[in-house]
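2 protein chains.
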Amino acid sequence: MNSPKLPSPPSSDHEPEGGLEGGRKRATINDIARLAGVSKKTVSRVINQSPFVRDETRERIEAVIAEWGYAPDPQARGLAFRRSFLIGMIYDNPNPQYVVNMQLGLLDGMRGSGFELVVHPCNRASPTFLADVRTFVERQKLYGVVLPPSVSEDERVAKLLNEIGCAYIRIASVELDKPEHMIVGHDRMGGAQAARHILDLGHRRIAFISGPATFRSSHERRGGFEAALAERGLTLQPSDIIQGAYTFESGVACGDELLARTPRPTAIFAGNDEMAAGVLQSARKAGLSVPADLTVVGFDDFQIAQAVWPPLTTIHTPTREIGRMAAEKLIDAERRERREERDPARTEPTLVVRQSSGPAPVV
Amino acid sequence: MNSPKLPSPPSSDHEPEGGLEGGRKRATINDIARLAGVSKKTVSRVINQSPFVRDETRERIEAVIAEWGYAPDPQARGLAFRRSFLIGMIYDNPNPQYVVNMQLGLLDGMRGSGFELVVHPCNRASPTFLADVRTFVERQKLYGVVLPPSVSEDERVAKLLNEIGCAYIRIASVELDKPEHMIVGHDRMGGAQAARHILDLGHRRIAFISGPATFRSSHERRGGFEAALAERGLTLQPSDIIQGAYTFESGVACGDELLARTPRPTAIFAGNDEMAAGVLQSARKAGLSVPADLTVVGFDDFQIAQAVWPPLTTIHTPTREIGRMAAEKLIDAERRERREERDPARTEPTLVVRQSSGPAPVV
DNA sequence: CTGAAAGCGCTTACAG
DNA sequence: CTGAAAGCGCTTACAG
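Respectively, the protein sequence lines represent chains A and B.
For the first sequence, the residue numbers in full-length UniProt numbering are 1 to 363.
For the second sequence, the residue numbers in full-length UniProt numbering are 1 to 363.
Structure, rendered in structure tokens:
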């Protein structure tokens with residue numbers, strides 16, 4: 001609401017025009033036009049890949065562009081287009097590994113495109129959350145935004161973006177929107193894979209630690225898990241399901257509660273690796289050996305899965321790959337579709353078996 | 001070298017001018033000028049906090065600005081200023097937690113300033129590294145850049161930035177440049193703290209696992225450690241120092257090597273938490289109990305320090321705080337100096353004692 | 001203290 | 001297929 005402080009204009013001391021050595025000014029569209037003997041408008045057409053340029057003319061202009069290493073000024077282009085060449089990543093996610101992997105994936109998909117990535121962490125619970133998003137998108141005239149969970153699951157954000165006409169991609173565990181706005185992670189499949197693995201090991205006393213209700217993935221992972229259990233005739237009691245917060249600490253607390261019960265579960269599926277690591281900690285405190293006394297399975301396959309002892313059996317999610325696909329979808333729908341035809345991209349999770357899971361103890 | 005593909009112009013289908021509901025166009029400087037009965041130049045003076053505006057005029061204009069929620073278009077302003085309001089973070093750092101904390105800190109320091117953060121991970125070993133940095137900075141006309149380690153330690157980058165006249169802040173463990181370009185982390189102090197803690201526990205057979213030589217922090221942490229040891233009459237032999245790569249896996253490998261020796265070290269100081277976690281893993285494989293048989297001390301105090309067993313005694317570094325200071329220094333030198341006077345910001349590391357360190361075993 | 005003119009480097013209409 | 005004019009929303013010189 002209150003107007004933000006504005007940046008001061010750049011100070012002009014210490015910086016003689018053009019710097020010390022790299023003083024040769026960069027070419028502009030006017031330079032290229034003059035050099036190629038055409039109007040700037042025709043150069044503009046070449047830049048924007050307009051079909052209405054004679055091949056010969058195009059080639060001449062492209063040669064001059066290449067010779068001078070000309071690249072159009074994104075700021076000027078943006079001003080004229082009324083839209084910047086900036087892509088925003090708006091997120092509220094507690095996991096650094098997820099955030100970094102997602103950023104890397106988006107950058108993978110943007111490489112060589114001339115776009116840049118502007119990061120915008122936020123707090124979905126803040127009373128100014130929506131206003132903040134709106135200000136960010138409108139003021140920067142973002143080309144588009146990518147929304148990972150749980151921001152992706154906020155219908156108010158999607159509605160806002162539609163209203164102000166900003167392109168967006170939602171990354172979520174399930175199809176929440178029109179296909180052109182979605183990259184789907186299919187967390188449900190991952191939950192099912194975890195269930196089958198645990199069942200294959202002979203476990204019957206099984207517990208599930210859910211993520212927070214505010215994340216759709218919590219429900220999907222649980223849903224897939226329960227469904228696959230049901231296929232083999234096993235039903236989880238309400239008491240077999242307890243809720244964590246996707247954090248290590250909540251994993252410890254949930255583990256403490258579960259492992260104090262009689263009878264004790266012989267296998268615990270945690271909604272993510274952080275919580276699974278917490279369960280490992282809890283088992284150690286209880287004097288339990290993993291996997292001899294207890295099987296623990298996580299979800300995500302982030303680094304922590306390999307840093308704990310024993311290394312976690314977990315469900316791998318291709319976060320970076322998903323990011324790449326999101327960026328490509330946002331930037332260039334046509335090219336993406338062609339690519340998908342010949343190289344169908346996978347966003348499905350896969351089971352990774354390590355040492356935290358083993359046969360059910362013989363009673 | 002080869003010109004990048006250019007973004008396509010925004011497609012005009014599906015998006016009727018002005019969106020669905022938020023269709024009222026945002027006010028421009030012309031609107032404000034007309035409404036306030038002044039020229040746009042005078043509005044511009046108010047925006048840029050020029051002192052050459054009569055108080056009465058200023059107040060009238062500010063009232064109109066507030067009433068209309070006007071905010072100048074950063075793209076247009078940037079085009080006229082020949083400089084954007086974008087701040088770049090250029091980094092090549094393997095630790096997601098560090099990257100995310102640094103980003104959060106930069107954002108803390110930028111909040112309400114009207115600047116935005118553009119992230120630019122890179123590969124310092126790439127043959128096109130310097131050219132990439134140059135292209136990024138020049139094409140986006142960045143207002144300034146922040147360089148965390150190890151990019152901050154690359155003198156070629158600093159030289160380049162000076163040449164093209166781009167403001168920059170280097171974050172490093174030691175003063176590498178003029179004070180106005182530096183935020184210093186004083187890793188040396190942290191190394192000394194680790195040494196004193198280990199000595200206080202009675203250890204004499206001590207080993208050090210260094211980070212990669214390409215990180216200045218590796219040398220500083222080691223230097224502080226050795227100096228504090230020397231103060232108490234202890235000198236590390238060359239064989240007591242081995243080199244890792246700041247990764248979990250390298251920590252395991254170095255731990256394996258160290259723990260196979262006779263006599264075995266009773267305390268290991270690892271250059272960061274990842275490697276310390278690796279040593280823990282290695283100790284477990286060797287059947288050693290921590291801290292009864294072996295003391296392990298890390299550096300950084302990232303989340304992994306608390307997720308492993310036993311939780312790591314480590315040296316806490318205020319990464320996010322350092323990021324905040326870097327952004328503030330870049331954006332507004334004057335305000336920063338005043339703030340530092342009354343609230344001297346600390347960037348020094350501090351010892352955090354947890355359960356991976358204990359008295360030297362009685363022989 | 002204030003303003004009219006020109007310009008930043010592009011693109012959008014509009015002609016031809 | 002190509003171009004001259006006007007404009008995107010600001011700021012920089014330059015006057016007064």
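Every residue gets a Cβ at the ideal spot worked out from N, C-alpha and C, and that includes glycine.
Next item on the list: Output yes if chain A places a C-beta closer than 8 Å to the C-beta of B:G191; else output no.
Entry: no
Next item on the list: Please report the residue range of the beta strand (DSSP E) in which A:T314 lies.
Entry: 314–316
Margin query: For B:F299 and B:G190, what's the separation of their Cα atoms in angstroms?
Written below: 8 Å
Check: How big is the Cα-Cα spacing for A:L258 and A:A207?
Finding: 8 Å
Next item on the list: Report the residue from B:A80, B:G323, B:R196, B:P74 whose alpha carbon sits nearest the alpha carbon of A:V137.
Entry: B:P74
Margin query: For B:R232, which residues in the same chain have their Cβ closer than 7 Å to its Cβ, ignoring the five residues on either side in sequence?
Written below: L199
Notebook entry, point to check: For the region 137–149 of chain A against the region 79–91 of chain A, are there 3 or more C-beta pairs whose distance is under 8 Å?
Noted result: yes
Next item on the list: Closer than 6 Å by C-beta to A:F248: which residues in its own chain qualify, once you throw out the five before and the five after it? Chain order, please.
Entry: E274, A277, G278
Check: With C-beta atoms as the reference, is A:G105 less than 8 Å away from A:I322?
Finding: yes
Check: Taking buried to mean at least 16 other C-beta atoms within 10 Å of its own C-beta, is B:V100 buried or exposed?
Finding: buried
Checklist line | Beta-carbon proximity list for B:F215, same chain, < 8 Å, skipping 5 on both sides | finding: P149, S150, E153, Y246
Checklist line | Reference A:N48, options A:P72, A:V157, A:H181, closest by Cα | finding: A:P72
Next item on the list: My understanding is that B:T28 touches B:G185, with C-beta atoms under 8 Å, so please give their C-beta distance in whole angstroms.
Entry: Between B:G185 and B:T28 the Cβ distance is about 44 Å, and since that is not below 8 Å, they are no contact.
Notebook entry, point to check: Should B:A307 go down as buried or exposed, given a rule of 16 or more other Cβ atoms within 10 Å for buried?
Noted result: buried
Note to self: Counting only Cβ-Cβ distances shorter than 9 Å, please list the residues of the region 106–128 of chain B near chain A, keeping chain order.
What the structure shows: L107, R111, G112, S113, G114, F115, E116, L117, V118, V119, H120, P121
Checklist line | Between the CA atoms of A:R324 and A:A63 - distance to the nearest angstrom | finding: 32 Å
Checklist line | Beta-carbon contacts of B:Q103 that lie in its chain and below 8 Å, excluding the five residues immediately before and after | finding: M89, L117, V119, G323
Check: Do the CB positions of A:F115 and A:I331 come within less than 8 Å of each other?
Finding: yes
Check: If we cut at 8 Å on Cβ distances, does A:L330 have a partner in chain B?
Finding: no
Note to self: Can you find the residues in the same chain that come closer than 7 Å, C-beta to C-beta, to A:V53, ignoring five residues on each side of it along the sequence?
What the structure shows: T42, R45, V46
Item checked: Contact set between A:L234 and chain B, taken where Cβ atoms lie within less than 7 Å -> Neighbours of A:L234 on chain B: none; closest Cβ ~31 Å, over 7 Å.
Check: When you compare only the Cα positions, how much space is there between B:P179 and B:I171?
Finding: 11 Å
Item checked: Reference B:P265, options B:P310, B:R204, B:N95, closest by Cα -> B:R204
Check: For B:S210, does the three-state DSSP call read helix, strand or coil?
Finding: strand
Next item on the list: Decide if A:N30 is buried, meaning its Cβ has at least 16 other Cβ atoms within 10 Å, or exposed.
Entry: exposed
Item checked: Against chain A: residues of the region 210–236 of chain B by CB proximity under 8 Å -> none
Checklist line | Spatial distance of A:G211 from A:V352 (CA atoms) | finding: 20 Å
Margin query: My output table needs one value for A:D300: the three-state DSSP class, helix, strand or coil.
Written below: strand
Next item on the list: With 8 Å as the threshold, decide whether the Cβ of B:R342 is near any Cβ in chain A.
Entry: Because B:R342 carries a pLDDT of 45, less than 50, the predicted location of this residue cannot be relied on, and no value is offered for it.
Notebook entry, point to check: Tell me, which residues are paired with B:Q243 by DSSP?
Noted result: B:S210
Notebook entry, point to check: DSSP beta-bridge partners for B:P121?
Noted result: B:Y91
Notebook entry, point to check: Mind checking if B:A270 is an interface residue toward chain A, Cβ cutoff 8 Å exclusive?
Noted result: no
Checklist line | Candidates A:N123, A:G69, A:K329, A:S50, of which the one nearest A:A167 by Cα | finding: A:K329
Checklist line | CB contact below 8 Å: A:K178 versus chain B | finding: no
Check: What residues in the region 295–306 of chain A have a beta carbon less than 9 Å from any beta carbon of chain B?
Finding: F302, Q303, I304, Q306
Notebook entry, point to check: Taking 8 Å as the CB-CB limit, is A:L79 close to chain B?
Noted result: yes
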